[in-house]
Amino acid sequence: MIAKYWKKIGLFILLIACLFNIVSKIVSKTSVRDELEASAIYVQAQEYEENK
């Protein structure tokens, strides 16, 4: 039974794995605002160190 449908089962598992990967990347994506705040803090810290 499984030998007859192994290609369909494999493609179904591959499809589920791809969808899970895409959804997990979308959910764990950091926001642009957080990235900009982190960059601004880093630049301010570097400027402070240079002015010391």
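My numbering applies: residue -5 is where the sequence shown begins, and numbers increase by one. Heads up, the beta-carbon is just placed ideally off N, CA and C, and yes, glycines get one too. No experiment lies behind these values; they were computed from the predicted model shown.
Legend entry - C-alpha gap between Ile20 and Asp28, whole angstroms: Going by the C-alpha atoms only, they are around 15 Å apart.
Inset, instruction - Determine the DSSP secondary structure at Tyr(-1), reduced to helix, strand or coil. - result: Assigned with DSSP and collapsed to three states, Tyr(-1) falls in coil, not helix or strand.
Legend entry - Distance between Ser22 and Ile3 (C-alpha atoms, nearest Å): When only Cα atoms are considered, Ile3 and Ser22 end up about 29 Å apart.
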